[in-house]
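At position 72 of the sequence shown the residue is numbered 66 (this note's numbering), and the sequence of numbers has no breaks.
The beta-carbon is built from N, C-alpha and C at its ideal position, and this holds for glycine as well.
What you are looking at is a predicted structure, and each value in this text was computed from that prediction instead of being measured.
Below: the structure, in structure tokens.
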Amino acid sequence: MNTELSIKCKRKIRAVTFDAYGTLFNIEGLHSRATELILQHNSFAADAASFHRLWDEHTDELIKTDKFDKLWNVFDRALDMTFRDFGFQGKRKPGDLEIWLRLIENCSIYPDAPLVVEAAARHFKTALISNTDNHELSIALARYNLNFNAVVTSENARAYKPSPEIFQQAADILECRPEEILHVGDSYNADVVGAKNFGAAAVWLNRKKARVPNQAVQPDHQIERLGEVLDIIKTYLPAEIAPRSFGKLKN
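Rendered as structure tokens:
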């Protein structure tokens, strides 16, 4: 971990917030698989990796526009744009985007996620802050029985991370100031830049050991496995709480 755990953190934290997909829920490779299946569904031959990459680019472009739209509407429009860019002359077959949705609905959870969320909730308020629509996230939360003081989606906030609006909605529900929040996420841009610009502390879950893209915006902590965040959270415990009361922590 890239953090000085021996030094007591000066920042007073009252809430720990988490990203959902890629942080608590494992979606590794699902979009690539969805791309392959969607191309097959539409009987269209194209390089799946290139198609996937351009679909992601169009999705990011649409998310950054001033006019908000729900995520699955954005995915749909971006998919249309990608097919056009690849010279697809026909009409997409019904149900192609639902292939991607079904994969997301049935995603797995990282094994250490329930322990991390439960441990954080013992001494801090907790929230989930996710660039997603309500439908698929509610399925995942119910399936894996995860509970938070607040669940804030881009659909509810009508804003996407890294915009401060979505973080502010969580802070309002938690009744916390930005500097009282520790945010944990796997996306450098959405989670680290978003949290830091909002005024919160940021833990970057950097599973792929990537370099920090922008040296001007550094995460407060950097970890490679979700379970490592437990050691970080312990450093923010109030002085009167013995670390052993945090329970058995496993990476």
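- CA-to-CA, the gap between ALA9 and ALA204 works out to about 27 angstroms.
- Excluding sequence positions up to five before and after ARG201, its CB lies within less than 8 angstroms of the CB of ASP180, GLU218 and ARG219, all in the same chain and listed in chain order.
- The DSSP-derived three-state label of PHE19 is strand.
- The way I'd put it, the region 89 to 106 doesn't touch the region 161 to 179; fewer than three beta-carbon pairs between them come closer than 8 angstroms.
- A direct Cα-Cα distance of roughly 45 angstroms separates HIS215 from PHE82.
- Cβ contact annotation for LEU97 (same chain, cutoff 7 angstroms, sequence separation greater than five): LEU24, ARG27 and ALA28, in chain order.
- The distance from the Cβ of GLY188 to that of LYS155 is about 4 angstroms, consistent with a contact at the 8 angstroms cut-off.
- Between ASN150 and LYS64, the alpha-carbon positions lie close to 9 angstroms from each other.
- Annotation for GLU99: GLU130, ILE133 and ALA134 place their beta carbon closer than 8 angstroms to its own, counting only its chain and skipping 5 residues before and after.
- Contact check for ALA115 against ILE227 fails: the beta carbons are separated by 8 angstroms or more.
- Counting along the chain, ALA121 sits inside the beta strand (DSSP E) bounded by residues 119 to 124.
- Assigned with DSSP and collapsed to three states, SER102 falls in strand.
- One Cα belongs to PHE45, the other to TYR104, and the distance between them is close to 28 angstroms.
- About 6 angstroms separates the CB atoms of ASP13 and ILE123; that is less than 8 angstroms, so the two are in contact.
- By the beta-carbon neighbour count (other beta carbons within 10 angstroms, threshold 16), ILE32 is buried.
- Burial of LYS119 is indicated by the presence of at least 16 other C-beta atoms within 10 angstroms of its C-beta.
- Residue state for LEU199 is assigned as strand, using DSSP reduced to three classes.
- The three-state secondary structure of LEU135, taken from DSSP, is helix.
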